[in-house]
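I have placed the structure first, in the form of structure tokens, so that the comments after it can refer back to it.
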Amino acid sequence: MTELDPHFVALTAPGAPFEIGELRGMRQFLRVPGDLNTMIETARVHGGKTFIVEEADDGTDRRLTFDEVFALRDRLVPLLQIHRGERVAICMRNRTEWIVGFLAVIKAGGIAALLNSRGSPAELVAMIHEVTPELVLADSERARLIREGGYQGRMFDLTRPFEEAEIERRGHVPAENPGEADPDDACAILFTSGTTGRVKGAVLSHRNLITGLVNVQLSGMQVLHAMAQRMGIPVETMLQHMPQQAALLVYPLFHISGLGSAFLSPMLAGSKVVVMRRWDAEKALRYVTTEKVTMFTGVPTMLWDVLHNARAANADLSSLRNIASGGQALPVNLVEEMRALCPQAMMGTGYGMTECSGAIAQAVGEDFVRKPSSAGRVLPLVDVCIAAPDGRALPVGEAGEIMVRGAQVMQGYWSRPEDTAAVLSPDGWLHTGDVGMLDEEGYVFIVDRKKDMVISGGENIYCAEVERVLGEMPGVTECAAFGIPDERLGEMLVCVVRARDATEDGVIHWVAERLAKYKAPGHVAFFNETLPRNHVGKVDKIALRARWNEIYRKD
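Just so we're aligned: 487 in the working numbering is position 420 of the sequence shown, and the numbers increase by one with no gaps anywhere.
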């Protein structure tokens, strides 16, 4: 068990870097800053090392050092004109400007509201209206979509250079020093839908995000200490001779996985971050080879793509040292094939959610290999309870709803007290909506989802949201959206529709025009009679899913 790991004990002991103690009724790291910007500032020590590599708009490789990125951040801060606690929305594809914008907002004492940049104009504007920001930071395409959606507020397109005169004028007016944040001050708002289909912003405090980041650092140090012990080398010696690590950033930065494990964690460690604006398996393989990528974390869909393309191209993946996945369960056959392709790499998995600032459970290396069908082992600062429908705590081995409590659990949903109260108890227990069980060693096994949600290619798609949009389509009288197994995507969203004069392409196009394109159904089946209902009168999706192969006919 984690509690008995001697490396964990040494690293978290009194006086140690990761000392753990009780504060405000919960276990916390006692030797960490309370302000995320204070933590970010420590990365300045990496100075001239390469920080960001990306493909620029003109197709060339763009490379920036830590010093250059901090200089861009410091130049932007006075232009924001914000005060502590004011919101700034960020809406861009993965790119340097997104990272600079986020760092500037945190430096200025603002709250970064991270918009899903894949949304439709209506979705983007709904998120903006939800948090009423002082300013929106966007790229050119998202700026156009936001204006198209009707937003008329203050917005900077960070992909277009500011007028030098404006920079000069602002440069003479020092940015207000916001002082250090209180650990419980809001730091970021990450958007998540829900079973109602309404957009909600999960509010993460400085303490929440820092706890999530330090959890990752602690896990990495445990692995490093174990390796040093096996090799008979002092940890300090390993660190001194270890080359700069390189992480491939493939998750969207507005996801907690992109923000935390793929951007902030590598930055704090002095690693190089290779940014991909959109997933492209061939380009990913090229980056692995040319940039000597050592860390690759992606959803199973991406791992399958890498696997197939690497075999076809006989690609050199020898630099990879860590391969991990999250967002949905890793198929055991995928694990076996990836280990055969990259025997030198350590495999890992994790289970988490936006509302928990990242991972709740994690397994790396031998921990993962021992139980590859698990979602990881519960992290040391997280309390997990498996609850029966009546709220009783269930014993080891019994399945129920996964409940979570800890210093990384969100404060709530922005301006939605009723939604917050529905998932967060007064004593801090979060209803995850996932059904799972714990074993005697603290491993989590996901059994099902209580929420009506599909995870397709690592993206959360809420069926209620798709059904709401379909309900507005002329001629549609009934509809049901649900997921079916798909080898590449994990799950594919499909719909069963009762409608007059509708076609499969027409239904798919209707949804894709009104929501992010990835939320459109992969297939649509048509029903000529009333959809089956369960005993409480709701559409029986279990019955429809069981009959899918019979119902769906591709003309």
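The beta carbon of each residue, even a glycine, is placed where N, CA and C say it ideally should be.
Where residue i falls: helix, strand or coil (DSSP)
i                : result
asparagine 667   : Summary: the structure shown does not reach residue 667, with the chain confined to residues 68 through 622, and so no result is reported for it.
aspartate 128    : strand
serine 392       : strand
histidine 322    : coil
serine 184       : coil
glycine 261      : Residue placement at glycine 261 cannot be trusted, given a pLDDT of 48 that sits under 50; the coordinates are not used to answer.
histidine 150    : coil
lysine 586       : helix
leucine 611      : helix
serine 492       : coil
phenylalanine 85 : coil
aspartate 515    : strand
threonine 304    : helix
aspartate 72     : coil
glycine 479      : strand
lysine 350       : helix
threonine 416    : strand
leucine 191      : helix
Integer-rounded CB distance, given that residue j should sit under 8 Å from residue i
i              : j                 : result
serine 328     : glycine 425       : 7 Å
alanine 110    : methionine 334    : 5 Å
valine 561     : isoleucine 551    : 6 Å
glycine 287    : lysine 116        : With a Cβ gap of about 18 Å, glycine 287 and lysine 116 do not count as contacting.
asparagine 183 : phenylalanine 330 : At roughly 16 Å, the Cβ-Cβ gap does not stay under 8 Å, so asparagine 183 and phenylalanine 330 are not in contact.
leucine 285    : leucine 78        : 6 Å
leucine 387    : alanine 412       : 5 Å
leucine 170    : isoleucine 107    : 6 Å
Inter-residue spacing [alpha-carbon to alpha-carbon] between residue i and residue j
i                : j              : result
glycine 542      : leucine 505    : 47 Å
glycine 443      : alanine 428    : 5 Å
threonine 262    : proline 84     : Note that threonine 262 scores a pLDDT of 43, beneath 50, so its modelled location is shaky; the value from the coordinates is reported in the next line. Roughly 41 Å separates the two Cα atoms.
methionine 362   : isoleucine 618 : 43 Å
glycine 176      : alanine 253    : 10 Å
isoleucine 213   : alanine 180    : 15 Å
alanine 123      : arginine 129   : 6 Å
asparagine 595   : valine 564     : 9 Å
tyrosine 218     : leucine 191    : 9 Å
isoleucine 256   : leucine 276    : 11 Å
phenylalanine 75 : leucine 448    : 12 Å
glutamate 545    : histidine 273  : 44 Å
arginine 612     : glycine 419    : 27 Å
isoleucine 323   : lysine 339     : 19 Å
glutamate 215    : aspartate 72   : 55 Å
valine 355       : serine 385     : 9 Å
threonine 69     : proline 456    : In this prediction, threonine 69 scores a pLDDT of 42, lower than 50, which makes its location untrustworthy; no coordinate-derived value is stated.
Environment of residue i [buried if 16+ CB atoms lie within 10 Å]
i              : result
serine 207     : exposed
methionine 298 : exposed
leucine 90     : exposed
leucine 306    : exposed
isoleucine 300 : exposed
histidine 113  : buried
alanine 138    : exposed
glutamine 311  : exposed
arginine 345   : exposed
glycine 415    : buried
aspartate 434  : buried
serine 187     : buried
valine 463     : exposed
Any chain D beta carbon closer than 9 Å to residue i
i           : result
arginine 98 : Absent from the structure: chain D. Only one protein chain is present.
CB of residue i within 9 Å of CB of residue j, strictly
i                 : j              : result
cysteine 530      : methionine 540 : no
aspartate 501     : glutamate 468  : yes
isoleucine 195    : valine 172     : no
valine 341        : valine 120     : yes
phenylalanine 593 : alanine 610    : no
alanine 391       : methionine 369 : no
leucine 26        : asparagine 376 : Outside the shown range of the chain (68 to 622) lies residue 26, about which nothing can therefore be said.
glycine 524       : tyrosine 585   : yes
tyrosine 318      : glycine 246    : no
glutamine 148     : leucine 202    : yes
threonine 259     : glutamate 422  : yes
glutamate 197     : valine 155     : no
alanine 313       : valine 360     : yes
leucine 326       : methionine 343 : no
glycine 446       : valine 476     : Per the sequence shown, the amino acid found at residue 446 is leucine instead of glycine. No.
glycine 495       : arginine 472   : yes
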